[in-house]
Amino acid sequence: MSGLRMSRLRMTGDRWGDVATYLLLGVLGVFFALPFAWLLSLAVRTPAEVYLGAARFIPQAPTLDNFALILSDPAFLTYLWNGLKLSAAGATLAVLLAIPAAYAASRLDFKGKNAILVGILAVQMISPLVILVPLYRWMVALDLLNRDLSVIAVYGALGMPLAVWLLKVTFDAIPKDLEEAAAIDGASRLTTLLRITLPLARPGIASAFILAMVTNWSQFLIPFILLERDGDWPISVAIFNFAGSTSASTTQVLAAACIVAVLPAVAVFVALQRMIVSALVVGAVKG
Amino acid sequence: MTAASPARHSRGPAPADGHPLPWLVPAVAVLALFYAIPVLDVFRLAFSDASLLAPATRVTTDAVRGTLTDPALLSVLGTTAVFTGITVAALQLMGLAIALVIIRGEDRGLPGMAAFRTLVLAAWVVPGIANGLVWGMLFDEAPYGTLNSLLGSVGIGPVAWLSDPQMAMVSAMIANLWQGTAFSMIVFYAGRKGIDPVLYEVAELDAATPWQTFRYITLPLLRRLIAVNTILIAVQTLNTFDSILALTGGGPGRATEVLALFTFNTVFYNLDLAGGSVLALLLFGISMVLALVVLRGMGRERAAA
Amino acid sequence: MRAILLTTAAIAALPSLGAAQELIARNRVGLADAPNTLTFSLTAYDLYSSDPATKETFEGLFSDFIAARPDWKIETQLQTASIGQEQARLLQQSQAGRGPDCAMIDSSQLATFIDAGVLKPMNGVFSDDEVADLFPFVRDAVTDADGNVLAWWWFTDLRVLYRDTTVVPDAPQTWEEVQNAALAAVEQGREGILFNGGRWEGTAFDWMANFWAQGGELVDAEGRPVFAQGENREKFLSAIAYYQDLVDSGAAPARVTSITDYDAFNAAAAAGSAAMFVGGNWQYGQLRGTLDEATFANWQVSELPGPTADMRATGTGGWSIAALSDDPEKASLCGEMVKEIYAGAGNAAQGLLPTSAAIYDQFDTYDGPEYAQFSDALQNGVARPGATIYPEISNQIQILIGDVLSGAATPEEALETADAAVQAAYARQ
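Protein chains in written order, with UniProt numbering: chain R, 1 to 287; chain X, 1 to 305; chain F, 1 to 429.
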């Protein structure tokens with residue numbers, strides 16, 4: 001009797017919980033969706049209506065011309081491709097560098113471990129903002145200016161600290177027994193890492209990769225200062241080409257470009273969301 | 001697999017020994033070559049008279065003295081503390097709340113959870129310039145401004161979103177929250193998912209209230225994650241300037257001019273490379289102290305546990 | 001993914017390009033195998049504009065230019081719209097010896113580049129008459145003491161007072177008339193007058209007209225900041241009091257301290273909320289495109305009012321093009337490009353204000369009545385001072401206006417703070 005009553009009580013309790021869930025998500029949903037609604041509103045305007053700004057939400061003469069203009073511009077595709085290439089390569093480098101470092105931090109005891117970990121974190125704390133000028137001169141000296149490699153290397157250095165942290169957490173969560181068993185079988189540490197630890201850490205690697213890639217995707221200053229040729233620019237820099245001039249506003253084109261630029265990153269998210277999530281699950285708490 | 005093959009050597013490496021150097025060299029080398037060397041240059045520039053117009057000609061502490069005694073610096077630091085403190089707290093709360101609610105929804109099989117998660121993530125990748133564009137229209141204080149029109153229809157307002165110094169700060173934080181929540185959400189979502197479900201089953205058997213479950217299971221187990229997330233978010237927030245630049249430019253007056261924006265203005269508006277370098281080092285110092293304090297707190301907690 | 005598919009389809013569907021366009025590529029003008037190369041750093045406002053009509057006109061101009069010089073090709077480098085960073089990058093590039101041969105430079109930054117010694121003379125291209133025909137403030141900015149032409153300022157702009165004649169029939173000539181007209185408009189449910197008051201360059205620049213109208217000077221002949229000294233101090237404070245009174249009396253809404261964009265005025269005009277605003281000449285064309293014909297007919301421009309009807313000034317901006325190459329042949333080509341493409345045909349195509357009187361007569365574009373107003377107002381045009389300290393002065397004025405209008409500081413306090421900050425920065429330069 002009482003058990004039945006309790007479960008009925010809980011049933012109604014859960015129902016109310018569902019209502020509360022949707023209520024909260026509804027409010028937050030409006031908060032997160034409203035800016036997109038405005039971006040879309042701008043993106044489908046004609047030049048005549050774009051100056052109405054916030055004065056009109058639904059355009060009288062909505063048009064897809066802005067999207068057509070963006071998508072028919074071969075340069076736009078190049079920018080998207082450059083963005084994808086640079087951010088993916090930079091993220092790959094960050095993860096490749098982070099794997100051995102995170103492994104050492106997780107599996108080896110050595111003096112000054114914390115100092116080194118904090119040191120790696122510290123480097124990331126200097127904003128690209130001010131090292132730009134030294135960075136520019138340094139890349140000129142290394143003869144890397146205007147080469148993708150310069151941007152990729154800096155992305156690698158910038159993205160590594162977060163990747164080291166994420167991967168250390170992931171490695172910590174993988175039981176040492178497995179490695180010890182392999183070690184008894186005579187496998188070297190490198191072999192153990194490659195054959196046993198890394199496959200198990202795949203989700204963690206994926207999440208580190210994705211977080212690094214997203215950060216790179218929206219980087220402006222670094223590619224801006226290191227790549228001087230328009231054809232080399234990623235979308236995050238080139239998007240400023242669509243900002244208006246005094247004689248003709250192109251805000252509507254800019255808005256359309258922003259929406260299109262978001263899509264590839266969202267596509268990556270949707271495809272890999274499951275992987276990010278399962279990755280962090282492995283060891284987030286134990287970390 | 002290795003485990004299945006017969007032993008060829010009697011002993012492999014023990015778990016905790018081995019030289020760390022080979023493992024660390026690639027990371028440290030790239031960091032040093034492509035980032036640390038330019039960073040060292042910042043130290044040199046801070047003690048020079050360099051500007052974007054002319055390279056350094058001498059070693060001097062003029063820039064250090066001039067920058068640190070600038071009366072504006074104090075108000076900028078105050079603004080930075082308020083902006084960073086509240087933003088970091090809000091980002092964590094919002095990220096945590098969304099993560100927990102989404103997980104609840106998923107556990108109950110409610111539809112729409114993945115869509116909501118994607119929406120939050122999409123805000124993260126919107127180009128900064130779009131952030132300024134749309135929030136500028138939302139906060140527009142003209143009679144037709146979006147938020148004020150919405151509030152007006154229910155009899156509230158109008159709110160001086162951007163023209164009032166205090167309110168402008170709140171608005172800048174809201175716009176930043178919109179873009180930044182995704183990161184915390186991912187971290188906490190994963191953290192909460194990683195908690196052993198058995199604990200929640202036990203709590204349910206004990207008829208614990210949702211608050212008790214949160215207070216005595218979720219929160220304690222997420223504490224370390226919260227600490228690490230605090231460092232990461234605080235450093236990101238301290239270095240945020242583009243969304244503020246696009247929304248208020250730092251104004252009205254200096255009401256929303258945070259240290260990162262002040263640094264940006266010093267370098268790119270006043271072309272003062274030496275002064276900008278001093279400010280960059282100050283920013284770095286603050287980040288570092290913050291990180292050490294949090295890490296220390298974490299270490300103490302672990303020792304106590 | 002869909003975006004990429006769509007793009008691929010769009011590219012495949014493109015018609016084969018005409019002969020004229022083969023000369024124009026995304027990063028080049030001219031034939032790829034031409035023996036000589038001029039590198040040109042330009043904004044995305046003309047040849048690579050997102051506005052198809054503008055783009056087409058400039059493609060034609062560039063094609064003609066390069067067809068007459070088959071030995072040359074122009075390698076183009078786009079500048080982004082973040083002017084501050086572009087300027088910093090251009091300075092870095094030229095100091096590292098990697099700068100472009102020819103570049104577009106915002107007129108307000110010309111002095112910085114001239115001081116940095118990176119601009120090379122283009123003397124042979126422009127005759128003495130052509131230089132003499134430039135507006136005085138333009139001529140002063142582009143020539144040095146020895147008469148070298150270091151840049152060509154190819155279009156200018158200015159600030160004027162826009163009004164809706166249904167609410168404000170007669171153009172206010174003085175500050176007092178502005179306030180009265182604005183207050184009358186407020187009684188009819190309008191926002192009296194709008195102006196830039198947020199934290200950006202436009203705020204300081206638009207306001208300076210009120211200071212200049214009284215003969216105020218920001219810097220002295222040596223480039224020392226003197227805006228808070230002697231007579232300048234009084235002039236400064238009275239120009240600030242003008243703005244402060246507008247806001248305190250309700251003639252201007254408090255929201256002006258949030259306006260960091262001229263486009264906000266277009267929106268207010270379109271929504272019918274504002275009766276007057278201090279805007280740029282280029283907004284006239286924008287309003288024509290945005291408002292319906294009847295509403296547009298109600299909007300008129302007039303010279304910015306002064307403290308009295310005969311004390312007037314207006315800030316003038318615009319863009320210039322300068323040579324950075326040591327090679328005299330390239331410097332000349334840069335100058336010829338300005339002359340044949342930008343100053344003249346390029347002005348007319350975009351309705352931009354030419355910097356020399358002769359061009360106004362040359363093109364039909366300038367027959368409209370608004371251009372008569374503009375060229376009258378240009379008589380009182382003042383350019384920003386060509387001093388290295390200018391950006392900091394502007395920065396401090398932006399802060400001052402925000403603080404005073406939002407009530408965070410009194411004008412006197414704010415002026416003390418601004419002056420102390422500017423003097424400290426000047427001492428370190």
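For glycine and all other residues, C-beta sits at the position ideal for the given N, C-alpha and C. Nothing here was measured: the structure is a model prediction, and the numbers come from that model.
Which residues in the same chain have their Cβ closer than 6 Å to the Cβ of F/THR43, if we skip the five residues on either side of it in sequence? GLN79, MET104
Segment contact flag, the stretch 284-294 of chain F with the stretch 194-205 of chain F, C-beta cutoff 8 Å, min 3 pairs: no
Residue of X/LEU138, X/LEU261, X/PHE47, X/LEU295 minimising C-alpha distance to X/THR79: X/LEU261
Does the stretch 224-239 of chain F come into contact with the stretch 320-339 of chain F, if we say contact requires no fewer than three beta-carbon pairs (one atom in each stretch) closer than 8 Å? no
For R/TRP16, does the count of other Cβ atoms within 10 angstroms reach 16, so buried, or fall short, so exposed? exposed
Integer Cβ distance of F/ILE321 from F/ALA151, believed to fall under 8 Å: 7 Å
Give the interface partners of F/ASN395 over in chain X, defined as CB-CB distance under 8 Å, in chain order. ASN265, TYR269, ASN270
Taking CB distances under 8 Å as the criterion, tell me whether F/THR203 reaches chain R. no
At a Cβ threshold of 8 Å, is X/VAL228 touching chain R? yes
Please list the terminal residues of the continuous alpha helix (DSSP H) segment that includes F/LEU38. Unbroken run through F/LEU38 is the beta strand (DSSP E), 36-43; no alpha helix (DSSP H).
To which residues does DSSP link F/MET104 through a beta bridge? F/ILE321
So for F/SER273, helix, strand or coil by DSSP? coil
Is the Cβ of R/LEU77 closer than 8 Å to any Cβ of chain X? no
Proximity test, Cβ basis, 8 Å: X/GLY132 and chain R: no
Can you confirm whether the stretch 263-283 of chain X touches the stretch 207-225 of chain X when touching is taken to mean that 3 or more C-beta pairs between the two stretches lie within less than 8 Å? no
Along the stretch 143-157 of chain R, what residues have a CB closer than 7 Å to any CB found in chain X? ALA153, VAL154, GLY156, ALA157
Could you list the residues in the stretch 33-54 of chain R with a C-beta less than 8 Å from some C-beta on chain X, going in chain order? ALA33, LEU34, PRO35, PHE36, TRP38, LEU39, LEU42, GLY53, ALA54
Secondary structure at F/LEU162, three-state DSSP: helix, strand or coil? At residue 162 of chain F the sequence reads Tyr, which differs from the Leu that was named. In this structure, F/TYR162 counts as strand in the three-state DSSP scheme.
Given a cut-off of 8 Å on the beta-carbon distance, is the pair X/ALA122 and X/TYR189 in contact? no
Beta-carbon of X/LEU147 versus every beta-carbon of chain F: anything under 8 Å? no
For R/PHE224 and chain F, any beta-carbon pair shorter than 8 Å? yes
Proximal residues of chain X, C-beta to C-beta of R/THR21 below 8 Å: VAL101, ARG104, GLY105, ARG108, LEU110
Do F/TYR162 and residue 434 of chain F have their beta-carbon atoms positioned less than 8 Å apart in this structure? This structure cannot speak to residue 434 of chain F, because chain F is shown only from 1 to 429.
Within 8 Å of any Cβ in chain X, is that where the Cβ of R/ALA265 sits? yes
Identified DSSP bridge partners for F/ILE24: F/VAL29
With 8 Å as the threshold, decide whether the Cβ of R/LEU69 is near any Cβ in chain F. yes
List, in chain order, every chain F residue whose beta-carbon is nearer than 7 Å to that of R/PHE57. Residues of chain F passing the Cβ test: none, with the nearest at roughly 12 Å.
Leaving out the 5 sequence neighbours to the left and right, which residues in its chain are closer than 8 Å to X/VAL82 when beta-carbon positions are compared? MET169
Beta-carbon spacing of F/THR112, X/LEU53 below 8 Å: yes
Quick one: list the residues of chain X neighbouring R/GLY204, beta-carbon separation under 9 Å, in chain order. What R/GLY204 touches in chain X: nothing, since even the nearest Cβ is about 10 Å away.
Let me confirm a value: X/THR69 is counted as buried when at least 16 other C-beta atoms fall within 10 Å, else exposed. Which label applies? exposed
Let me know if F/THR8 comes out buried or exposed under the rule of 16 or more other beta-carbons within 10 Å of its beta-carbon. Caution applies to F/THR8, whose pLDDT of 39 falls short of 50 and renders its modelled position unreliable; the value that the coordinates give is listed next. Classification for F/THR8: exposed.
Closer than 8 Å to chain F by CB, R/TYR103: no
Does the stretch 364-384 of chain F come close enough to the stretch 217-233 of chain X that 3 or more CB-CB pairs lie under 8 Å? no
What in chain R is Cβ-close to F/GLY289, meaning under 7 Å? PRO47, ALA48
In whole angstroms, give me the CA-to-CA distance for R/ALA183 and R/GLY156. 31 Å
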